[in-house]
Each structure stands twice: as C-alpha cells, then as structure tokens.
Amino acid sequence: MLLIQPKDEMSKLIRVRLNENVTTRENDLKIIKEWLIKQPHLPNVDEVSMMKSYL
C-alpha cells in the first residue's frame, strides 16, 4: 500500500499540531515493533518506512 507523504512544510505543521517529538521517533518505532510481535492476529510488518508513515 502506498501512502502519499505530505510536503516538508505540511509535515512541520502536522508535527507542531500533534506535538510530535521527532527525536523520539526511533524509540516509538521500537515500541510499535515489540507490540506488533505480541499480536499474533496481526501481520508481520518489517518495513520501517510503512510504520513511519503512521507516526
């Protein structure tokens, strides 16, 4: 599935509005991966770029 990424300016606006901290993104990805592993009913997602699209 292809998700269209917002342009740089829109990405910045989204981060500000959602109060996202870019420096914690790697840790957030790690937590999501660990959670996904524990969910046998969900597919195995190894593609980091796909997960980043949701963050």
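If you're matching positions, the sequence shown starts at 1448 in our numbering and goes up one per residue. Glycine included, each C-beta is placed from N, C-alpha and C at the ideal position.
Can the beta-carbon of V1495 be found closer than 8 Å to that of L1476? Stepping through the sequence shown from its first residue, residue 1495 is reached at position 48. Stepping through the sequence shown from its first residue, residue 1476 is reached at position 29. Cβ atoms of V1495 and L1476: closer than 8 Å.
Could you tell me the distance, in whole angstroms, from the CA atom of W1482 to the CA atom of T1471? For the purposes of this step, residue 1482 is taken as the residue at position 35 of the sequence shown. For the purposes of this step, residue 1471 is taken as the residue at position 24 of the sequence shown. Cα to Cα, W1482 sits roughly 17 Å from T1471.
Given a cut-off of 8 Å, decide if M1498 and I1479 are closer than it, judged by their beta-carbon atoms. As a working note, residue 1479 is residue 32 in the sequence shown. As a working note, residue 1498 is residue 51 in the sequence shown. Contact: yes.
Might you give, ordered along the chain, the residues of its own chain that have their beta carbon closer than 8 Å to the beta carbon of V1469, omitting 5 neighbours on each side? In the sequence shown, residue 1469 corresponds to position 22, counting from 1. Only R1462 meet the Cβ criterion.
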